[in-house]
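Protein chains: 2
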Amino acid sequence: MEALESAAPPDETPCTSAGQLLAGLGKVATRRFGAALVPVGIRPRHLNALLTLRAGPTTQQGLAEAIRVDAVQLVGLLNDLEDEELIVRRRDPADRRRHIVEISCKAAARLAALDTAVAEVEDGLLTCLDPAERKQLRALLLRVAAATAEDGPVDEAPTESACPGAA
Amino acid sequence: MEALESAAPPDETPCTSAGQLLAGLGKVATRRFGAALVPVGIRPRHLNALLTLRAGPTTQQGLAEAIRVDAVQLVGLLNDLEDEELIVRRRDPADRRRHIVEISCKAAARLAALDTAVAEVEDGLLTCLDPAERKQLRALLLRVAAATAEDGPVDEAPTESACPGAA
DNA sequence: TATTGTTATACTCTATAACTATA
DNA sequence: TATAGTTATAGAGTATAACAATA
Numbered sequence: 001m002e003a004l005e006s007a008a009p010p011d012e013t014p015c016t017s018a019g020q021l022l023a024g025l026g027k028v029a030t031r032r033f034g035a036a037l038v039p040v041g042i043r044p045r046h047l048n049a050l051l052t053l054r055a056g057p058t059t060q061q062g063l064a065e066a067i068r069v070d071a072v073q074l075v076g077l078l079n080d081l082e083d084e085e086l087i088v089r090r091r092d093p094a095d096r097r098r099h100i101v102e103i104s105c106k107a108a109a110r111l112a113a114l115d116t117a118v119a120e121v122e123d124g125l126l127t128c129l130d131p132a133e134r135k136q137l138r139a140l141l142l143r144v145a146a147a148t149a150e151d152g153p154v155d156e157a158p159t160e161s162a163c164p165g166a167a
Numbered sequence: 168m169e170a171l172e173s174a175a176p177p178d179e180t181p182c183t184s185a186g187q188l189l190a191g192l193g194k195v196a197t198r199r200f201g202a203a204l205v206p207v208g209i210r211p212r213h214l215n216a217l218l219t220l221r222a223g224p225t226t227q228q229g230l231a232e233a234i235r236v237d238a239v240q241l242v243g244l245l246n247d248l249e250d251e252e253l254i255v256r257r258r259d260p261a262d263r264r265r266h267i268v269e270i271s272c273k274a275a276a277r278l279a280a281l282d283t284a285v286a287e288v289e290d291g292l293l294t295c296l297d298p299a300e301r302k303q304l305r306a307l308l309l310r311v312a313a314a315t316a317e318d319g320p321v322d323e324a325p326t327e328s329a330c331p332g333a334a
């Protein structure tokens, strides 16, 4: 087997398309969130669940759709939060198959610490951008996120609401 | 343990800061790359290694720094690529502790298929953005990526070059 | 003694299939 | 029969520690 002499790069970009940048920065962001949340006592996977539940109670399926996590995977995730008494699970009287999940009183202090940690990571990631650029980046990312919403473990079209249970 | 009545969201954003958007979209991007690369026969972890090696031969340490992967983890990654005869490892005559890694001739066809797959995923992720917005997003992401370069498993300051071995 | 690459190990995250209970 | 939630299991990714060969 011989080695290739020196293949020229495809175009102008060395190896960094926007998609790969997203994938790479996603890892960096997740890693930093993980490090910052250690003192708070929660892991990255719990972050979106807690923040979404703060908007109001939901069924597990609703939560799974909202945070784009497989319903199977959500079980263990909620078990962690229940073990720490940060959430409450109770049966839905209307349909006893369903569990209604909501945030516990005890979670309030944690959520405050969590907000602080998240804001710090956010700030650390975007130090190089001024406020206008941050806003710009966030707007672009929001649009991309909305456009890729039909992806992931959930295949149902979320025609109703992205953040249910706020009633 | 009682349930919290209805805690109001922190500010205007429901649960989507730029940092969390990055983390979330990173997962989406990685998942899509993974799906698109199945027919090509490589996994997402190999992507950056191959694209970086295309710029020229490197030592394993140089490659590890360039793609921000732990040197330990890089071993198994390169074993995969070597098993498929996509790369060649040989001893550096100047320092026999080092391995020089380069792309094999056989990899050329794969790289072409890979470029196509990457471009398709890229396009699928950014459908909602026009060319100017894509350029804008990429520029912002590049800056953030450069600013967070001192993160990750590598702690050495990359003062020389981000993509070594191009000589 | 320090460095390059390697192996072994474990822990987290994710994906699939099969099960219980309710409808 | 279909749905909500659960369990079990296996795979991929990642991080740490210890080791061999070379400098």
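For the protein sequence lines, the chains are A and B, in the order given.
Heads up: the first sequence is residues 1 to 167, going by our numbering.
Heads up: the second sequence is residues 168 to 334, going by our numbering.
In this text, a Cβ means the ideal position worked out from N, Cα and C, and glycines have one as well.
At the level of alpha carbons, what is the spacing between A:Ala-117 and B:Gly-193?
For A:Ala-117 and B:Gly-193, the distance between alpha carbons rounds to 20 Å.
Is there a Cβ of chain B sitting closer than 8 Å to that of A:Glu-65, yes or no?
Closer than 8 Å: no.
From the DSSP output, in three-state form, read off B:Glu-251 for me.
If DSSP states are grouped into helix, strand and coil, B:Glu-251 belongs with coil.
Starting from the Cα of B:Ala-202, find the closest Cα among B:Leu-293, B:Glu-289, B:Gln-227 and give me that residue.
Checked all of B:Leu-293, B:Glu-289, B:Gln-227; the closest Cα to B:Ala-202 is B:Glu-289.
Leaving out five residues on either side along the sequence, give the residues of the same chain with a beta carbon under 7 Å from the beta carbon of B:Glu-252.
Within its own chain, the residues whose Cβ lies closer than 7 Å to the Cβ of B:Glu-252, once the five positions on either side in sequence are excluded, are Ser-271, Lys-273, listed in chain order.
Can you tell me the Cβ-Cβ gap for A:Leu-169 and A:Leu-111, rounded? I've got them flagged as a contact below 8 Å.
The structure shown does not extend to residue 169 of chain A, since chain A spans only 1 to 167, so no value can be given for it.
Three Cβ pairs or more, each shorter than 8 Å: is that satisfied between the stretch 90-105 of chain A and the stretch 119-138 of chain A?
No, the stretch 90-105 of chain A is not in contact with the stretch 119-138 of chain A.
Kindly list, in the order they appear in chain A, the residues whose Cβ is closer than 9 Å to that of B:Val-236.
Listed along chain A, no residue sits closer than 9 Å to B:Val-236 by beta-carbon distance, the nearest being about 10 Å off.
Counting only C-beta atoms, is A:Ala-94 closer than 8 Å to chain B at any point?
The Cβ of A:Ala-94 sits no closer than 8 Å to any Cβ of chain B.
Alpha carbon to alpha carbon, how far is A:Arg-89 from B:Phe-200?
A:Arg-89 and B:Phe-200 have their C-alpha atoms spaced approximately 36 Å apart.
Would the stretch 218-232 of chain B count as touching the stretch 292-303 of chain B if we require 3 or more Cβ pairs under 8 Å?
With a cut-off of 8 Å, the stretch 292-303 of chain B and the stretch 218-232 of chain B do not count as touching, because too few Cβ pairs lie within range.
So which residues of chain B does A:Glu-84 contact, with C-beta pairs closer than 7 Å?
For a Cβ distance threshold of 7 Å, nothing in chain B lies close to A:Glu-84: the least Cβ distance comes to about 11 Å.
Just reading off the beta strand (DSSP E) that B:Ala-268 is part of, what are its end residues?
The identity of residue 268 of chain B in the sequence shown is Val, whereas the question assumes Ala. Segment 262-270, the beta strand (DSSP E) holding B:Val-268.
Range covered by the alpha helix (DSSP H) that runs through A:Lys-135:
Unbroken alpha helix (DSSP H) run through A:Lys-135: 131-147.
Would B:Gly-229 pass as an interface residue toward chain A - the criterion being a Cβ-Cβ separation below 8 Å?
It does not; no Cβ of chain A falls within 8 Å.
Through-space distance from B:Ala-231 to B:Asp-237, alpha-carbon basis
Answer to the nearest angstrom: the Cα atoms are 6 Å apart.
Is there a C-beta anywhere in chain B that falls below 8 Å from the one on A:Leu-24?
In the sequence as presented, Leu is not what sits at residue 24 of chain A; that position holds Gly. So, interface residue.
Between the alpha carbons of A:Gln-20 and B:Leu-309, how many angstroms are there, rounded?
Answer to the nearest angstrom: the Cα atoms are 10 Å apart.
Once you ignore the five residues that flank B:Pro-211 on each side, which residues in its own chain have a CB closer than 6 Å to its CB?
For B:Pro-211, where only same-chain residues beyond five positions count, the Cβ hits under 6 Å are Thr-197, Phe-200, Gly-201.
Any beta carbon from chain A within less than 8 Å of B:Leu-292's own beta carbon?
Contacts with chain A at 8 Å (Cβ-Cβ) include B:Leu-292.
Cβ-based contacts, 8 Å cut-off: residues of the stretch 189-220 of chain B near chain A:
Residues of the stretch 189-220 of chain B with a C-beta less than 8 Å from any C-beta of chain A: Leu-189, Ala-190, Gly-191, Leu-192, Gly-193, Lys-194, Val-195, Ala-196, Thr-197, Arg-198, Arg-199, Phe-200, Pro-211, Leu-214, Asn-215, Leu-218, Thr-219, listed in chain order.
Tell me, which residues are paired with B:Asp-259 by DSSP?
Beta-bridge partners assigned by DSSP to B:Asp-259: B:Asp-262.
Minimum Cβ-Cβ distance from A:Leu-142 to chain B less than 8 Å:
Chain B, which has a Cβ nearer than 8 Å to the Cβ of A:Leu-142, makes this yes.
Return no unless some Cβ of chain A is closer than 8 Å to the Cβ of B:Val-239.
Closer than 8 Å: no.
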